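Colleague: One structure, as structure tokens, below. Some questions next.
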Amino acid sequence: MFMKTKLIIATLCSSLMFNLVASEITPLLSSDSPYRNLREGNSHLITSHKEDDVVRLYKDTPALESLRKIINDKTINRCATKVVSAIQKELSLSSEDETELAILGLRLDDSIDDIAAGILIKAADSNFLSHPIAKNDLTAEEETKALDIYKTKIADLQNKTLCSEDTYRALVGKLNEGSYKFIKNLKHLNKLALDKKIIKENDFKTLERMRAKKVHEWPITLSSYRSTLDTVAKNFPTRKKESAKLVTEAGRFKNKTSLRQGLYEKFNATQIILLANVVKSLKKRLEAKDIMIHINYVDQESEIISLSPMEKFRFILKLLRKELALINNSTIINGRQATFLDIITAAYEVGYISADEIDQFAALEEIWNPKKTTKEKVMVWVKLFGGVASVLLPPPFGFLSVMAIMLIDQQVSEAPVNPDSDFNLM
């Protein structure tokens, strides 16, 4: 235990030495693929039993060149179904398994990342039409109302330049606004629209494919992911290629997806940048020379109180909690709750936090150990602070300390924001 504590102290101390001033970083390699893997390491989608086949078929092969051309094609690469269809046609693939291997070939090549690969694999799902008889509990009046919605979307459904999953989701969104019952009766409504000659046979088949694949339930589409990636890349063009397992590995936390994928599923580009700026402000404050409280008296000379290093640390930590609480209580993120790990992931995504800093954070096993109670984790951290102070090292107000304490704080309770504490600095 003593050796482990020394190791953690060394890790903590090294994190205290980071320089906030932006250093020269290597620009990203140029690539025509908008989904090029820039923030993830090895793919969790390429399992050991698939890897040999993926390497044999697509590592430095002519087939890979064909795949690269498809994912780089600006006329189709915002639409998962179009990309999948192009892959199947170009490589003469007939099965879902063959198509998945081709998609993983792009991932092995780093032409796409796991988020894009996952979306394409969903789009390649061959599940299609089930039994033709559909359940219906709609009244005639409700059916008429639903069909009127179909009529407003027919032009988009028949426009082959648009992406079928996007037009389908737009239709379902309008139907959902009309009545929650419409979604439960989608199969019946699609067939009814065909029978009433509102849509054509090809449109019906497209809608049924989308329904069978549950495209309306996808947390993210290729087009929405692309839009977010483009905005982040435009605002942060000098990010270097790196990988931090803590935020990119799937299944590390309660959800099966990675922290990075969860971030893109929950938030748009503006929201991600907003969350990242919380960490940017945190790092600036930690490097501030002084934090002072001004007391302005009436008809007397003002008093200035300079905070001690530990007081400064506590103030900054409280300010961080307040900012996160204010964001979660506002309409800025549309009712979604941002966690502390969300702001860390957002900051990593835009380049405010390096993979090295994330890895140092992940190395603090006492904080992540599921066998320890929250109380035990807090006591370990308190003892660690005492150990740092006892050897005359700088007081523990560094970035890694704040991250660890905020993680403990989040583990204490996952309850809603406490207005009596989180919204107040003192």
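Numbering (mature numbering (1 follows the signal peptide of the UniProt record, and there is no 0)) for the sequence shown: -22 to -1, 1 to 404.
Using N, Cα and C, we set each Cβ at its ideal position, and we do this for glycine too.
Treat the numbers as computed from the prediction; the structure is a model and nothing was measured.
(1) With distances taken from CA atoms, which of Pro215, Asp134, Glu121 is nearest Asp173?
(2) With three or more beta-carbon pairs closer than 8 angstroms as the criterion, would you say the segment 244 to 257 touches the segment 300 to 314?
(3) Three-state secondary structure (DSSP) at Ser63?
(4) If I'm right that Val257 touches Ile331 with Cβ under 8 angstroms, what's the distance once you round it to whole angstroms?
(5) To the nearest angstrom, how far is it from the Cα of Asp51 to the Cα of Ala171?
(6) So, helix, strand or coil for Glu76, using DSSP?
(7) Going by CA-CA distance only, name the one from Ile132, Ile322, Ala303, Lys191 that's closest to Gln315.
(8) Please list the terminal residues of the continuous beta strand (DSSP E) segment that includes Ile273.
(9) Pull up the distance between the alpha-carbon of Ile322 and that of Ile90, whole angstroms please.
(10) For the segment 180 to 267, list the alpha helix (DSSP H) runs that are entirely contained and at least 4 residues long, ordered along the chain.
(11) Start and end of the beta strand (DSSP E) containing Ile24?
(12) Using a Cβ-Cβ cut-off of 6 angstroms (strictly less than) and excluding sequence neighbours within five positions of Glu119, which residues of its own chain qualify?
(13) According to DSSP, which residues form a beta bridge with Ser142?
(14) Report back the beta-carbon spacing between Lys28 and Leu84 to the nearest angstrom; my notes put them in contact at under 8 angstroms.
(15) Can you list, in chain order, the residues of its chain whose CB lies under 7 angstroms from that of Ser284, leaving out five sequence neighbours each side?
(16) Assess contact between the segment 95 to 102 and the segment 55 to 64, defined as three or more Cβ pairs (one per stretch) separated by less than 8 angstroms. Is contact present?
(17) For Lys37 and Leu86, which I take to be in contact (beta-carbon distance under 8 angstroms), what is that distance rounded to the nearest angstrom?
(18) Would Leu23 and Asp92 be called neighbours here (beta carbons separated by less than 7 angstroms)?
(19) Just to confirm my understanding: we take Thr77, look at its own chain, exclude 5 residues before and 5 after, and list those with CB closer than 7 angstroms. What are they?
(20) Glu279 by DSSP, collapsed to three states: which one?
(21) Please determine, among Lys169, Arg17, Tyr146, the residue with the shortest C-alpha to C-alpha distance to Val193.
Modeller: The relevant details are as follows:
(1) Glu121
(2) yes
(3) helix
(4) 6 angstroms between Cβ atoms; contact.
(5) 34 angstroms
(6) Three-state DSSP puts Glu76 in a helix.
(7) It is Ala303.
(8) 270 to 273 is the span of the beta strand (DSSP E), which, as asked, contains Ile273.
(9) Here the C-alpha atom of Ile322 lies approximately 23 angstroms from the C-alpha atom of Ile90.
(10) 200 to 213, 223 to 226, 237 to 244, 247 to 264
(11) Neither: Ile24 is in no beta strand (DSSP E) and is coded neither H nor E.
(12) none
(13) Per DSSP, none; premise fails for Ser142.
(14) With 8 angstroms as the limit, Lys28 and Leu84 do not qualify as a contact, their Cβ atoms being about 14 angstroms apart.
(15) Asp268, Met270
(16) yes
(17) Lys37 to Leu86, Cβ: 6 angstroms. Contact.
(18) yes
(19) Answer for Thr77: Val62, Ile65, Gln66, Leu71, Ala102, listed in chain order.
(20) coil
(21) Tyr146
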